[in-house]
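Below is one structure, written out as structure tokens; comments come after it.
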Amino acid sequence: MTAAIISPDELAAVLADPHTDAEPPVLLDVRWNLGGPPGREEYERGHLPGAVWIDLETELAGPPGPAGRHPLPDPGVLGDAMRRAGVNEDGHVVVYDGGQGWAAARAWWLLRHAGHERVRVLDGGLARWKGPLTTGVPDPRPGDFTPRYGAMPVLDADGAARVARDGVLLDARAPERYRGDSEPVDPVAGHIPGAR
Numbered sequence: 004m005t006a007a008i009i010s011p012d013e014l015a016a017v018l019a020d021p022h023t024d025a026e027p028p029v030l031l032d033v034r035w036n037l038g039g040p041p042g043r044e045e046y047e048r049g050h051l052p053g054a055v056w057i058d059l060e061t062e063l064a065g066p067p068g069p070a071g072r073h074p075l076p077d078p079g080v081l082g083d084a085m086r087r088a089g090v091n092e093d094g095h096v097v098v099y100d101g102g103q104g105w106a107a108a109r110a111w112w113l114l115r116h117a118g119h120e121r122v123r124v125l126d127g128g129l130a131r132w133k134g135p136l137t138t139g140v141p142d143p144r145p146g147d148f149t150p151r152y153g154a155m156p157v158l159d160a161d162g163a164a165r166v167a168r169d170g171v172l173l174d175a176r177a178p179e180r181y182r183g184d185s186e187p188v189d190p191v192a193g194h195i196p197g198a199r
């Protein structure tokens, strides 16, 4: 299995290696900010050379509804986005965000859940990248990846409550949202009882 993390130095070396016959990894820019500037605007101001922007709201999540604000996307929508970006069944993929890690982690988990085994997260995201950036938008050759959900575990609300009660459920949101001091989007502030 492919390691989950790739360092900026390791990625730079892979991208710069003129002696490899292997296809370079597909780079996916998944920047998204809760209440901040749209990720597409950040992408247009500068991104890793060759990176394709993927919209978390419409391509890495389904429409809000009973399943939550960012439920799993329809596999067809995810597949269309990945093929547009040039993702192949057997190719390597590197996802990155602005450095917070959660958007890239979501993309990593979603691709793994969809059956892609060669996906990695850029450690530290764009914030740790030392190489050049570009504003050019690539036009990759379409990929052949077809999502097949089921390779990673999924919890519903009842399952999350059981884990919080009987195991360890980590709430990775900002501390003020966990404590219930601030809630910019959800109707109820705080966390699942038992979550840490």
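In this note's numbering, the protein residues as written are 4 to 199. C-beta: ideal position from N, C-alpha, C; glycine also.
Distance, Cα to Cα, residue i vs residue j?
i, j, result
"Val90", "Arg131", "24 angstroms"
"Pro190", "Trp111", "28 angstroms"
"Glu186", "Ile195", "14 angstroms"
"Arg34", "Asp169", "34 angstroms"
"Ala70", "Gly128", "29 angstroms"
"Arg123", "Gly49", "21 angstroms"
"Ala192", "Pro67", "18 angstroms"
"Ala106", "Ala175", "12 angstroms"
"Val171", "Ile57", "31 angstroms"
"Pro156", "His116", "8 angstroms"
"Pro74", "Thr23", "39 angstroms"
"Gly183", "Val17", "43 angstroms"
Quick one: what does DSSP say residue i is sitting in, helix, strand or coil?
i, result
"Asp83", "helix"
"Trp56", "strand"
"Val188", "coil"
"Val17", "helix"
"Asp201", "Residue 201 lies beyond the residue range present for the chain, which begins at 4 and ends at 199; the question has no answer from this structure."
"Asp12", "helix"
"Gly162", "helix"
"Gly197", "coil"
"Gly71", "strand"
"Glu26", "coil"
"Pro178", "helix"
Within this structure, are the beta carbons of residue i and residue j separated by less than 8 angstroms?
i, j, result
"Val96", "Arg121", "yes"
"Leu30", "Leu63", "no"
"Ser10", "Asp100", "no"
"Asp32", "Val55", "yes"
"Thr138", "Glu47", "yes"
"Gly82", "Leu59", "no"
"Gly153", "Met85", "no"
From the DSSP output, which residues share a beta bridge with residue i?
i, result
"Asp32", "Trp56 and Tyr99"
"His50", "Thr137"
| Quick one: complete alpha helix (DSSP H) runs, 4+ long, within the segment 85–142? | 105–116 and 128–131
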